[in-house]
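Q:
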Amino acid sequence: MKRIQLLPFGEFDSVLLANLSADLARAFSIPSEILEAGPDPSRAYNPEREQYSSTQILGMMSGHAATESCRLLGVTSLDLYIPILTFVFGEAQMGGACAVVSTHRLTQEFYGLPPDPDLLRARLLKEAVHEMGHTFSLPHCEYYECVMAPSHAVERIDLKTHHFCPECRSRMLAAVSR
36 MKRIQLLPFG
46 EFDSVLLANL
56 SADLARAFSI
66 PSEILEAGPD
76 PSRAYNPERE
86 QYSSTQILGM
96 MSGHAATESC
106 RLLGVTSLDL
116 YIPILTFVFG
126 EAQMGGACAV
136 VSTHRLTQEF
146 YGLPPDPDLL
156 RARLLKEAVH
166 EMGHTFSLPH
176 CEYYECVMAP
186 SHAVERIDLK
196 THHFCPECRS
206 RMLAAVSR
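Residue numbering for the sequence shown follows our numbering, starting at 36 and increasing by one per position.
1) When burial is assigned at 16 or more other CB atoms within 10 Å of the CB, is P43 buried or exposed?
2) Would you check if there are 3 or more beta carbon pairs closer than 8 Å linking the region 178–185 to the region 79–87?
3) Distance, Cα to Cα, P76 vs S212?
4) Within the present structure, is the beta-carbon of A79 separated from the nearest heavy atom of the ligand GTP by less than 8 Å?
5) Helix or strand or just coil, what does DSSP make of P118?
6) When we look at the beta-carbon of F145 and count the other beta-carbons within 10 Å, is it buried (16 or more) or exposed?
7) Assess contact between the region 83–102 and the region 57–66, defined as three or more Cβ pairs (one per stretch) separated by less than 8 Å. Is contact present?
8) DSSP state of Q128, grouped into three classes?
9) Where does Q91 fall in DSSP's three states?
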């Protein structure tokens, strides 16, 4: 049976993880399950940047995807980067099986504001659906409310919904049914 598997890296809020699992199951209309904690991400740490390479974390995940699994989503609170950007909220293997998202820069506390658990849950869902969309070969979308719109700042995440526009939804449903 196709499903989404969530693989936590490092310390992660169990309630937020359970909510994400349920939200993703609804968003993609396929079951979702939470796996035991992933491998130690310390080898992806770059001391010069004081961040973790999302690409290296994706590499660590490759061996954890079950053959019957539809997709594997790494979930972490670590600060992620790719070499050409200051930071990323997540990264995915375009058309592949794995993606990773981070709550590090999705929290209000990161911006010096009081915690807002509901906003964090909404932002995490949007980024998780976005990165999972890439695993179904969906590119960025020009429609700003589509979950596949690019997000280079948290304010852009807040503008979009966690839903696919009609065109992206059609492509995603075709990919999920394969």
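Think of the CB as a built atom: it goes at the ideal place given N, C-alpha and C, for glycine as much as any other residue.
A: Working from what's here:
1) Indexing the sequence shown from 1 puts residue 43 at position 8. Counting of Cβ neighbours within 10 angstroms places P43 among the buried residues, the total reaching 16 or more.
2) No, they do not touch.
3) Here residue 76 refers to the residue found at position 41 when the sequence shown is read from its first residue. Here residue 212 refers to the residue found at position 177 when the sequence shown is read from its first residue. Spanning the two alpha carbons is a distance of roughly 33 Å.
4) Within the structure as shown, the ligand GTP is missing, as the structure has no ligands at all.
5) Here residue 118 is taken as the residue at index 83 of the sequence shown, counted from 1. Reduced to three states, the DSSP call for P118 is coil.
6) Residue numbering aside, residue 145 sits at position 110 when the sequence shown is read from its first letter. That one is exposed.
7) They do not touch, by the three-pair rule.
8) As a first step, residue 128 is located in the sequence shown; it is residue number 93 there, counting from the start. Under the three-state reduction of DSSP, Q128 is assigned to coil, being neither helix nor strand.
9) To locate residue 91, count along the sequence shown from 1; it is residue 56. In the three-state DSSP reduction, Q91 falls in the helix class (H, G or I).
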